[in-house]
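K.L.:
From first to last, the protein sequence lines are chains A, B and C. With this note's numbering applied, the first sequence closes on residue 356, and no number is skipped along the way. With this note's numbering applied, the second sequence closes on residue 332, and no number is skipped along the way. With this note's numbering applied, the third sequence closes on residue 126, and no number is skipped along the way.
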Amino acid sequence: MERIPILKLGDFLLVTIQVDMHDQLVMTLQDDLTERIVKTQALGVLMDISSLEIVDSFIGRMIGNIAAMARVLDAETVVVGMQPAVAITLVELGLSLPGVRTALNVDSGMKLLRTMLDQKEMANASSAR
Amino acid sequence: MTINSQSYFPELLKQYEQELLTDWLNNQLSTATRRTGLLKEAELREQSRQLMNSLRNAVQHGSLTDTNTPEWLPVRELLANISNTRAQQGFNPAETATFVLSLKKPLLTRLRKELEKQPDLLAEDIWTTNLLLDQLGLYTVEVYQKSREDVIARQQQELLELSTPVVQLWENILALPLIGTLDSARTQVVMENLLQKIVDTGASIAIIDITGVPTVDTLVAQHLLKTVAAARLMGADCIISGIRPQIAQTIVHLGVDLSAVTTKATLAAAFAIALQRTGATFTRANK
Amino acid sequence: MPVQRDEVMPIRSSEDVVRVRQMVRQWAVTLGFSLVDQTKIVTAASELARNTLGYGGGGEVQLEIVQKGIRSGLRLTFIDQGPGILDIELALKDGYTTGGGLGLGLSGAKRLSNEFEIFSRPGEGTRVSITRWK
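(1) Can you check the region 209 to 251 of chain B for any beta strand (DSSP E) of at least 3 residues that lies completely inside it and give the ranges in chain order?
(2) Taking buried to mean at least 16 other C-beta atoms within 10 Å of its own C-beta, is A330 of chain B buried or exposed?
(3) Would the region 320 to 337 of chain A count as touching the region 99 to 110 of chain C if we require 3 or more Cβ pairs under 8 Å?
(4) Report yes if the C-beta distance between V306 of chain B and V273 of chain B is below 8 Å; otherwise report no.
(5) Measure the Cβ-Cβ separation of L312 of chain B and G287 of chain B and say whether it is below 8 Å.
(6) Can you pull the chain C residues whose beta carbon is under 8 Å from the beta carbon of V313 of chain A, in chain order?
(7) Does any CB atom of chain A fall closer than 8 Å to the CB of T35 of chain C?
(8) Could you say if the region 125 to 136 of chain B and the region 156 to 171 of chain B meet the contact criterion of at least three C-beta pairs nearer than 8 Å?
(9) For G65 of chain C, which residues from the same chain have a beta carbon less than 7 Å from its beta carbon, with the 5 sequence-adjacent residues on both sides left out?
(10) List the residues of chain B that N332 of chain A touches, going by C-beta distances under 7 Å, in chain order.
(11) Measure from the alpha carbon of L178 of chain B to the alpha carbon of each residue in B:L153, B:Y189, B:E194 and B:A198, then state which is nearest.
(12) How far does the alpha helix (DSSP H) with D72 of chain C in it reach, from first residue to last?
(13) Classify K235 of chain A as buried or exposed, calling it buried when 16 or more other Cβ atoms lie within 10 Å of its own Cβ.
(14) Comparing C-alpha positions only, which one of B:Q163, B:N126, B:A251 and B:L146 sits nearest to W69 of chain B?
(15) Between the alpha carbons of R103 of chain C and I71 of chain C, how many angstroms are there, rounded?
(16) Sort out for me which residues DSSP pairs S286 of chain B with in a bridge.
(17) Keeping to the same chain, check which residues put their C-beta closer than 8 Å to that of F239 of chain A; ignore five residues upstream and five downstream.
(18) Determine whether the beta carbon atoms of I231 of chain A and R13 of chain C lie at a separation below 8 Å.
(19) Within 10 angstroms of its Cβ, does M236 of chain B collect 16 or more other Cβ (buried), or is it exposed?
(20) Expressed to the nearest angstrom, what Euclidean distance is found between the alpha-carbon atoms of F327 of chain B and A251 of chain B?
(21) Just the Cα atoms here: how many angstroms apart are Q233 of chain B and G74 of chain C?
(22) Less than 8 Å between the beta carbons of M248 of chain A and I286 of chain A, yes or no?
(23) What three-state label does DSSP hand I7 of chain C in the structure shown?
(24) Are the C-beta of E39 of chain C and some C-beta of chain A separated by less than 8 Å?
(25) Quick one: what does DSSP say Q54 of chain C is sitting in, helix, strand or coil?
(26) Does the CB of M248 of chain A have a neighbour CB from chain B at under 8 Å?
(27) Can you tell me which of B:L109, B:T67, B:L83 and B:L96 puts its alpha carbon nearest to the alpha carbon of E56 of chain B?
(28) Which of the three DSSP states, helix, strand or coil, is assigned to M274 of chain A?
(29) Identify whether S304 of chain B lies in helix, strand or coil by the three-state DSSP scheme.
(30) Compare the C-alpha of P222 of chain B against each of B:E159, B:T209, B:S229 and B:Q63 and name the closest.
(31) Rounded to whole angstroms, what's the CA-CA distance from D259 of chain A to L27 of chain C? Just pull it up for me.
(32) In chain order, what residues of the same chain lie with their CB nearer than 8 Å to the CB of C283 of chain B, ignoring the 5 residues before and after it?
(33) Are at least three pairs of beta-carbons, each pair with one atom in the region 34 to 53 of chain C and one in the region -2 to 12 of chain C, less than 8 Å apart?
(34) Short check: CB of A230 of chain B to CB of G182 of chain B, under 8 Å?
(35) I need the straight-line Cα distance from T44 of chain C to R119 of chain C, nearest angstrom please.
(36) Please name the residue, chosen from B:H106, B:I243 and B:F316, that lies closest to S52 of chain B on a Cα-to-Cα basis.
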């Protein structure tokens, strides 16, 4: 069966979406990813959508769901590389993906994840005191 | 037998092509409205000769009432060519159409002479000639119009691109100084340009400066908010600067919610906060 | 409006939705749409195809290249024989859904196109037509 590969990069998981996703593939990704987060105890997820040519409300909702599920499992999600045409269309569609962090590319996404984790650690440390 | 056996018109063109061409040229060259500065005599002669020739060929087998048939294709192509060049040379539509229409006089004169004894056929052929040349004349105007529209469309596009420069202020910081009225078409180009530039440069902050925008209505405000939202989806932050007092008042009166967007009164203030967010520090050197 | 070219595609499965997206993209490219305009019409098509499948129980889409003066455009008409829509005005509101989605399908597709037409009666199915001009 067709699957979207999930790569482990240190504490993070990298998902690169490169195909035009039909709905079943999206659901499989949700299952696979939550499972991998638990198994690898990943602290963050980078979702690279730079090759995605469209994001409709279904795929948009899936992205939001994945971020929310990951958060419950104590992992932060950053969506990276959304194309300008896709971003303009999503805004016009009325979908602004609240609660999803974004970055221009994998590099800056990784940086953002590190900053977020540092802040989390500091918050934990100060509340423990 | 051809479908035009009822008419003398094809025969006329076949027999008197040279004479008709000479008469037509003499007419054209003696007209007071001739634009010698725009078109050389040699060129006019050549164009007239070509048209006469292709017209002659077309009427031998083509329809005499419908110039949209395949036999007329060479004539139409030639006219389109001439029309396009004239539009570029600065002729007006009337002058361009007159080129074809002025062929009526020599044609009708010659017809009258040849068909003197057959008034019925003469009347018929005068009608045919008129219709035919009118169709061709209108066609040149259509082409002329189209080529003008193309020029206008291209200029509009160029103007749009010219009026939306995105400049890099610092590493990771872009600025878009907007000047003039923002309509929907222009805002869309502005938006796309900015977002593409964000991808190209990898900048994480874009400052949209509206000091030069005279009025901000609901539509413009919405466009700005959409740009900010789209940039955020891509992973970049926007700061809107240059909000003048009246515009601040209008925005509040219109009920536009800008609370999700960082706004600054001046470009300088926006730049300072952008530098801070990208992690740059700056100090003034003491004397 | 003269129609220059048309084609009908079935919408029976979620793979069909992907195929519709790809075909609409192809046609938009042929028409010379800008990348943003391509993305908008493809996204609108995806939303409506999903509606046809999910709410209408499957149906078909007709793709047409239409001409108005010197402008050419792409018209997509989604047709199903499903239960139809009871209150069209309500269905067009952002956030309204009966199927557990985000409620952005119809209203979003409307915002992403230049012309939008909907015809539906309970029990008689739904027909949604959108046009985007170049």
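Each residue gets a CB set at the ideal place from its N, CA and C atoms; glycine is no exception.
P.N.:
Here's the rundown:
(1) 212 to 215 and 218 to 224
(2) exposed
(3) yes
(4) yes
(5) yes
(6) T31
(7) yes
(8) no
(9) V58, T123, R124, W125 and K126
(10) G247
(11) B:L153
(12) No alpha helix (DSSP H) holds D72 of chain C; the beta strand (DSSP E) holding it covers R63 to D72.
(13) exposed
(14) B:L146
(15) 20 Å
(16) B:D254 and B:K309
(17) A269, L270, G271, V272, L273, M337 and L340
(18) no
(19) buried
(20) 19 Å
(21) 38 Å
(22) yes
(23) Per the sequence shown, the amino acid found at residue 7 of chain C is Glu instead of Ile. Note: E7 of chain C maps to helix in three-state DSSP.
(24) yes
(25) strand
(26) no
(27) B:L109
(28) strand
(29) coil
(30) B:T209
(31) 32 Å
(32) I250, A251, I252, I253, T272, V273, A276, R277, V306 and T307
(33) yes
(34) no
(35) 9 Å
(36) B:H106
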